[in-house]
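A.B. asks:
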Amino acid sequence: MNWLSWTTPKRLRDKGIVGMNRRNIRYIGRYNNRRLYPLVDDKLQTKLLAQRYGITTPVLIGTVSTQFGVKHIAPMLDGHTGFVIKPAKGSGGKGILVIEHSEAGIFTKPSGAQLTLVDVERHVSNILSGLYSLGGAPDVAVIETLINFDESLLAYTYEGVPDIRVIIFQGYPVMAMMRLSTAASDGKANLHQGAVGVGLDIATGTALRGVQFDRPCHVHPDTGHELASLVIPQWETLLLLAAGCYEMTGLGYLGTDMVLDKTHGPMLLELNARPGLAIQMTNGEGLRPRLDLIERQKIALSPAERVAFAQHHFARRSELVTGTDVDAIDA
Amino acid sequence: MSRLPFYLIVGALLVAGIAASIQRHMQFEIPWVPGEQRQVWEIEALVNFNAQNGPVSVNMALPSHQEGFRVLTENTASSGYGLAYQADERGRRAEWTIRQAAGMQQLYYSVQMLVSPDSSSTLQPPSSPPPDIAWERPYDTSASQIIERAWSRSANTATFARELIQEINGDSQGENARLLLTQFEPSPLLVRLLNQAGVHARVVSGLVLEDGRRRQELTSWLQVFDAQKEKWLLFNPLTSQQGKPENLLLWESNGEAVLEVEGGSNSRVSFSMLTHYQPASAAVRNHLSDDTLLNFSIHSLPLEEQALFQTILLIPIGALVVVFLRVLVGIKTSGTFMPVLIALAFIQTTLLTGLIGFLLIVAVGLVIRNYLSHLNLLLVARVTAVIITVIAIISIFSVLAYKMGLNAGLTITFFPMIILAWTIERMSILWEEEGPKQVLIQGGGSLLTAVLAYLAMNNPWVRHITFNFLGVQLIIMALILLLGNYTGYRLLELRRFKPITDDESKA
Chain B
-1 MNWLSWTTPK
9 RLRDKGIVGM
19 NRRNIRYIGR
29 YNNRRLYPLV
39 DDKLQTKLLA
49 QRYGITTPVL
59 IGTVSTQFGV
69 KHIAPMLDGH
79 TGFVIKPAKG
89 SGGKGILVIE
99 HSEAGIFTKP
109 SGAQLTLVDV
119 ERHVSNILSG
129 LYSLGGAPDV
139 AVIETLINFD
149 ESLLAYTYEG
159 VPDIRVIIFQ
169 GYPVMAMMRL
179 STAASDGKAN
189 LHQGAVGVGL
199 DIATGTALRG
209 VQFDRPCHVH
219 PDTGHELASL
229 VIPQWETLLL
239 LAAGCYEMTG
249 LGYLGTDMVL
259 DKTHGPMLLE
269 LNARPGLAIQ
279 MTNGEGLRPR
289 LDLIERQKIA
299 LSPAERVAFA
309 QHHFARRSEL
319 VTGTDVDAID
329 A
Chain D
609 MSRLPFYLIV
619 GALLVAGIAA
629 SIQRHMQFEI
639 PWVPGEQRQV
649 WEIEALVNFN
659 AQNGPVSVNM
669 ALPSHQEGFR
679 VLTENTASSG
689 YGLAYQADER
699 GRRAEWTIRQ
709 AAGMQQLYYS
719 VQMLVSPDSS
729 STLQPPSSPP
739 PDIAWERPYD
749 TSASQIIERA
759 WSRSANTATF
769 ARELIQEING
779 DSQGENARLL
789 LTQFEPSPLL
799 VRLLNQAGVH
809 ARVVSGLVLE
819 DGRRRQELTS
829 WLQVFDAQKE
839 KWLLFNPLTS
849 QQGKPENLLL
859 WESNGEAVLE
869 VEGGSNSRVS
879 FSMLTHYQPA
889 SAAVRNHLSD
899 DTLLNFSIHS
909 LPLEEQALFQ
919 TILLIPIGAL
929 VVVFLRVLVG
939 IKTSGTFMPV
949 LIALAFIQTT
959 LLTGLIGFLL
969 IVAVGLVIRN
979 YLSHLNLLLV
989 ARVTAVIITV
999 IAIISIFSVL
1009 AYKMGLNAGL
1019 TITFFPMIIL
1029 AWTIERMSIL
1039 WEEEGPKQVL
1049 IQGGGSLLTA
1059 VLAYLAMNNP
1069 WVRHITFNFL
1079 GVQLIIMALI
1089 LLLGNYTGYR
1099 LLELRRFKPI
1109 TDDESKA
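Each protein sequence line maps, in turn, to chains B and D. Numbered per our numbering, the first sequence spans residues -1 to 329. Numbered per our numbering, the second sequence spans residues 609 to 1115.
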């Protein structure tokens, strides 16, 4: 990282980059009612809400909310070979236990490490006592089915499940990126920990450019696979699901984390009421012109109409695109 | 939603803050910068008289606020006498009374006068027309001739008074003046002549200030009322020079007797004086002013509470630094205002010892907390354990430092226990979740913020301003509100988002 390379506020403004202060005051402060935050901060609530609104999420196997219930976890897991246990109020991916395969009381993690039922029970017990929740508040363990990630995208990721972040502003999909875990990020999909972010074209779901540690990159650092050829299947369905989260939560400025399941297609993984700004880096473009355009829209549209609007107006081809980007998409 | 009320509030806060500060500066002459020295005259008046074995009442004029001087404090020493101060529009007086006194009596009055160039007097204009003056023959002709001569050679009240003084005491003294002087003293004579000509005049008593002088007498000065300019003009009745010399303190400025003694004889008053310089803030502290609610000042509190407030009033400055660094620069800190509290501890420990002590305690605490984390304790229990550990670490460091003769090591006890425990707790959670790099970024950011806040809070100029001008708190409030409204870029974002703008230049 070069600490001596700086730009000017004017050039950022010309690019339409939204800064942290503007995001906090102008978008989160104005469009996100604090009262609605628990809907997204509690993953169990989000999940139940999504089921009610017909938004696909990983299937809920069950929840554990009392230490007493920990002992009944074995029958609950019966018949599920792969599953995920996570704290409802955890943040930053902490406390998520992924079991890829279970057989005769032996639970295998993606890394190959093996756990016994007692280990799993202790993990659930820790979740309940608030080990992973903010401020140590008592929590609930959520157990859901394992996501079988779409194989066409497996080459782009290392260990972890890649997710697709779509920013939804007043129900319109504004900008999207894919977050690919790397060895540097320790299998996590957090950009500031070293995951690769790939900007996606809202119209087509194709890759625009890649960024690691806020600096451009063109191939996945671990798999060596070229990023430019990345295309998300079932893109329109994914956008529709994401756009529907606006009606579901009522939050005006929202980050939706989606995954692509091999059999169930696009699914909602979790929601974020304070999505970060790195998505601008991965898209090589500021959010502001798109947000401004949506703020000027007066008529309430259905999710499908909003997606169509976004695909029409935010298609990269119709905007100022560098020659290389167009070539990459056309190829 | 309109932002107008917001800007109105900010504007009102700014105006109120600035106005309150200026008012304090003007009214109490608190200087804007610390360390300014003010000249203070200490004047002692000694009243001597022989009591006639009966009730005694001594009435003496006292100096008031006036052009160039301001009364700071005053004291009296007079054993057995009752004392009362009187103040009205005609000046301030002290009255000593006793039922029975005999022989030589001594009464002391001492006053501290602050030299303040922009101080002004509040002299009342005369209410009645000048008294009619009757002269006996043959003085009446001499008087009218002198007045006529001076009148013809003058243009206004000031020059008329000057010419009159010249006629009586100066080079142009003639037969008429010499005749009148056989009957009158020069100063009362001038007053009579001026009154005769329809001009208000009076004799006032002044003290010429000279450092280290003793047994000084008051001198007479002539005050003439200029009806056009509505103000009193001061003349030296001997030289006809107009205006008040810099070192002249008007002890009695209403044309009344300086000293009146009932039941005593041979009374006289003499003065001794000393000058010295003292810090302006001390001069302000000694201020003799009316304690009204409007005079909202911390200086009216006991000294101990003042010292406490001095620290409390610095916290908004530290908070302003934090808000500035987070909103405008984009520095990450662990805990919003923890840096301010660390900075407060630095003020007690001095910066270097504070930094070393802080790093030592947090480092050792992190190691121990790391062990505690293996025990899978509940949060409250864990933090409590960390607090006890911190106390132990502080005790050990203090004892070690003392044994090695390092007294500075003892000051680490000034660190607030809970702050250290929380810092250790947060840092260790950060270490587990995000890795040591984030600990360095956030911990370093916190420490940098704490050091900057410390430098701002410990600045003598800032300390002086926050302590003496409460209005500044309103200004800080307005600034923080404005910063909370800032939607522009943070400084560090200019670096973060640099790659995006690079494309533009290529295109």
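Note that CB positions come from ideal geometry on N, CA and C, so glycine has one too.
Return the chain-ordered list of same chain residues with a C-beta closer than 8 Å to the C-beta of residue 220(B), the five sequence neighbours on each side being excluded.
C.D. replies: Translated into the one-based positions of the first sequence, residue 220(B) becomes position 222. Correct list, in chain order: 156, 180 and 181.
A.B. asks: Nearer than 7 Å: is that true of the beta carbon of residue 162(B) relative to any heavy atom of the ligand ATP?
C.D. replies: The ligand ATP is not part of this structure, which contains no ligands at all.
A.B. asks: Identify, in the order they occur along the chain, each residue of the same chain with its Cβ nearer than 7 Å to the Cβ of residue 874(D), setting aside the five sequence neighbours on each side.
C.D. replies: Sequence index remark: in the second sequence, residue 874(D) carries index 266 (1-based). Counting only Cβ-Cβ distances below 7 Å, and skipping sequence neighbours, we find 657 and 658.
A.B. asks: Given a cut-off of 8 Å on the beta-carbon distance, is the pair residue 153(B) and residue 61(B) in contact?
C.D. replies: By one-based count along the first sequence, residue 153(B) stands at place 155. By one-based count along the first sequence, residue 61(B) stands at place 63. Contact: no.
A.B. asks: In the region 806 to 886 of chain D, which residue ranges form an unbroken beta strand (DSSP E) of at least 3 residues, counting only runs that do not cross its ends?
C.D. replies: 809 to 816, 827 to 834, 839 to 843, 856 to 860 and 867 to 870
A.B. asks: Taking DSSP as the reference, what is the three-state secondary structure of residue 994(D)?
C.D. replies: One-based indexing of the second sequence puts residue 994(D) at position 386. Reduced to three states, the DSSP call for residue 994(D) is helix.
A.B. asks: For residue 1106(D), return the contacting residues in chain B, with the cut-off set at a CB-CB distance below 8 Å.
C.D. replies: Position 498 of the second sequence, counted from the start, is the residue given in the question as residue 1106(D). Per Cβ cutoff of 8 Å: 3, 4 and 5.
A.B. asks: Just checking, does the region 1088 to 1106 of chain D make contact with the region 627 to 640 of chain D on the three C-beta pairs under 8 Å criterion?
C.D. replies: no
A.B. asks: Beta carbon of residue 170(B), beta carbon of residue 304(B): below 8 Å?
C.D. replies: By 1-based counting over the first sequence, the position of residue 170(B) is 172. By 1-based counting over the first sequence, the position of residue 304(B) is 306. In contact: residue 170(B) and residue 304(B) (Cβ atoms closer than 8 Å).
A.B. asks: Got a sec, what are the start and stop residues for the alpha helix (DSSP H) residue 24(B) sits in?
C.D. replies: For the purposes of this step, residue 24(B) is identified with residue 26 of the first sequence, where counting begins at 1. Counting along the chain, residue 24(B) falls outside any alpha helix (DSSP H), and DSSP gives it neither H nor E.
A.B. asks: Return helix, strand or coil for residue 1033(D), following the three-state DSSP convention.
C.D. replies: Residue numbering aside, residue 1033(D) sits at position 425 when the second sequence is read from its first letter. Note: residue 1033(D) maps to helix in three-state DSSP.
A.B. asks: Locate the beta strand (DSSP E) running through residue 1012(D), then write down its first and last residues.
C.D. replies: Working through the second sequence from its first residue, we reach residue 1012(D) at position 404. In the DSSP assignment, residue 1012(D) falls outside any beta strand (DSSP E), carrying neither H nor E.
A.B. asks: Determine contact between the region 111 to 127 of chain B and the region 76 to 85 of chain B, defined as no fewer than three beta-carbon pairs at a distance below 8 Å.
C.D. replies: yes
A.B. asks: Starting from the beta carbon of residue 615(D), find every residue of chain B whose beta carbon is closer than 9 Å, and list them in chain order.
C.D. replies: Residue mapping note: residue 615(D) aligns to position 7 of the second sequence, counting from 1. The contacting residues do not exist; residue 615(D) stays about 15 Å from chain B at best.
A.B. asks: Below 8 Å on the Cβ atoms is my contact criterion, and I expect residue 691(D) with residue 751(D) to pass it. Report the Cβ-Cβ distance as a whole number of Å.
C.D. replies: Here residue 691(D) refers to the residue found at position 83 of the second sequence. Here residue 751(D) refers to the residue found at position 143 of the second sequence. That belief does not hold up - the Cβ atoms of residue 691(D) and residue 751(D) are roughly 43 Å apart, past 8 Å.
A.B. asks: Take residue 130(B) and list the residues in its own chain whose beta-carbon comes closer than 6 Å to its own, dropping the five residues that flank it on each side.
C.D. replies: If you number the first sequence from 1, residue 130(B) lands on position 132. For residue 130(B), the CB contacts under 6 Å within the same chain, skipping 5 residues up- and downstream, are 85, 88, 92 and 93 in chain order.
A.B. asks: Just tell me which of 717(D), 663(D), 1107(D) and 1075(D) has its CA closest to the CA of residue 916(D).
C.D. replies: Locating residue 916(D) in the second sequence gives position 308, where the first residue counts as 1. Of the candidates 717(D), 663(D), 1107(D) and 1075(D), the one whose C-alpha sits nearest the C-alpha of residue 916(D) is 1075(D).
A.B. asks: Does the beta-carbon of residue 281(B) have 16 or more other beta-carbons within 10 angstroms, so that it is buried, or is it exposed?
C.D. replies: Residue mapping note: residue 281(B) aligns to position 283 of the first sequence, counting from 1. By the 10 Å Cβ count, residue 281(B) comes out buried.
A.B. asks: Using a cut-off of 7 Å between C-beta atoms, extract the partners of residue 31(B) located in chain D.
C.D. replies: Here residue 31(B) is taken as the residue at index 33 of the first sequence, counted from 1. Here the premise fails: no neighbours, minimum Cβ distance about 14 Å.
A.B. asks: Among 236(B), 51(B), 288(B) and 143(B), which has the Cα closest to the Cα of residue 173(B)?
C.D. replies: For the purposes of this step, residue 173(B) is identified with residue 175 of the first sequence, where counting begins at 1. If you compare the alpha carbons of 236(B), 51(B), 288(B) and 143(B) with that of residue 173(B), the shortest gap goes to 288(B).
A.B. asks: Can you check whether the C-beta of residue 17(B) is within less than 8 Å of a C-beta belonging to chain D?
C.D. replies: Within the first sequence, residue 17(B) is the residue found at index 19, counting from 1. Answer yes: the Cβ-Cβ gap between residue 17(B) and chain D drops below 8 Å somewhere.
A.B. asks: Considering only the alpha carbon of each residue, which of 914(D), 688(D) and 671(D) lies closest to residue 718(D)?
C.D. replies: As a working note, residue 718(D) is residue 110 in the second sequence. Nearest neighbour of residue 718(D) by Cα position, chosen from 914(D), 688(D) and 671(D), turns out to be 671(D).
A.B. asks: Would residue 953(D) and residue 1023(D) qualify as a contact pair, given that the criterion is a beta-carbon distance under 8 Å?
C.D. replies: Taking the first residue of the second sequence as 1, we reach residue 953(D) at position 345. Taking the first residue of the second sequence as 1, we reach residue 1023(D) at position 415. Yes, Cβ-Cβ distance for residue 953(D) and residue 1023(D) is below 8 Å.
A.B. asks: Helix, strand or coil, according to DSSP, for residue 761(D) in the structure here?
C.D. replies: Taking the first residue of the second sequence as position 1, residue 761(D) is located at position 153. Looking at residue 761(D) - three-state DSSP - the assignment turns out to be coil, as it is neither helix nor strand.
A.B. asks: Locate the alpha helix (DSSP H) running through residue 955(D), then write down its first and last residues.
C.D. replies: Translated into positions along the second sequence, residue 955(D) becomes position 347. First-last of the alpha helix (DSSP H) with residue 955(D): 946 to 957.
A.B. asks: Consult DSSP for residue 747(D) and reduce its assignment to one of helix, strand or coil.
C.D. replies: Residue mapping note: residue 747(D) aligns to position 139 of the second sequence, counting from 1. Helix at residue 747(D).
A.B. asks: For residue 265(B) and residue 957(D), what's the separation of their Cα atoms in angstroms?
C.D. replies: For the purposes of this step, residue 265(B) is taken as residue 267 along the first sequence, with counting starting at 1. For the purposes of this step, residue 957(D) is taken as residue 349 along the second sequence, with counting starting at 1. So the alpha carbons of these two residues sit roughly 56 Å apart.
A.B. asks: List, in order along the chain, the chain D residues whose C-beta lies closer than 9 Å to that of residue 286(B)?
C.D. replies: Position 288 of the first sequence, counting from 1, holds the residue named residue 286(B). Neighbours of residue 286(B) on chain D: none; closest Cβ ~11 Å, over 9 Å.
A.B. asks: Can you list the residues of chain D that residue 23(B) reaches, using a CB-CB cut of under 9 Å?
C.D. replies: As a working note, residue 23(B) is residue 25 in the first sequence. The answer, in chain order, is 1092, 1093, 1094 and 1095.
A.B. asks: Tell me the DSSP bridge mates of residue 650(D)?
C.D. replies: Indexing the second sequence from 1 puts residue 650(D) at position 42. According to DSSP, which records beta bridges pairwise, residue 650(D) is partnered with 720(D) and 882(D).
A.B. asks: Mind pulling the beta strand (DSSP E) runs of 3 or more residues that sit fully within the region 190 to 256 of chain B?
C.D. replies: Counting whole runs of 3 or more residues, the region 190 to 256 of chain B contains the beta strand (DSSP E) stretches 194 to 198, 205 to 210 and 213 to 215.
A.B. asks: Which residue from 877(D), 988(D), 932(D) and 645(D) puts its Cα closest to that of residue 1097(D)?
C.D. replies: Here residue 1097(D) refers to the residue found at position 489 when the second sequence is read from its first residue. Of the listed residues, the one whose Cα sits closest to residue 1097(D) is 932(D).
A.B. asks: When you compare only the Cα positions, how much space is there between residue 813(D) and residue 922(D)?
C.D. replies: Against the second sequence, residue 813(D) aligns to sequence position 205. Against the second sequence, residue 922(D) aligns to sequence position 314. Looking at the two C-alpha atoms, the distance is approximately 48 Å.
A.B. asks: Put residue 791(D) into one of helix, strand or coil per three-state DSSP.
C.D. replies: In the second sequence, the residue the question calls residue 791(D) occupies position 183. Residue 791(D): coil per DSSP, three-state reduction.
A.B. asks: For chain B, find out if any of its Cβ atoms is closer than 8 Å to the Cβ of residue 1098(D); answer yes or no.
C.D. replies: For this step, residue 1098(D) is matched to residue 490 along the second sequence. Answer yes: the Cβ-Cβ gap between residue 1098(D) and chain B drops below 8 Å somewhere.
A.B. asks: Any chance the region 694 to 701 of chain D sits against the region 718 to 728 of chain D, with 3 or more Cβ pairs inside 8 Å?
C.D. replies: no
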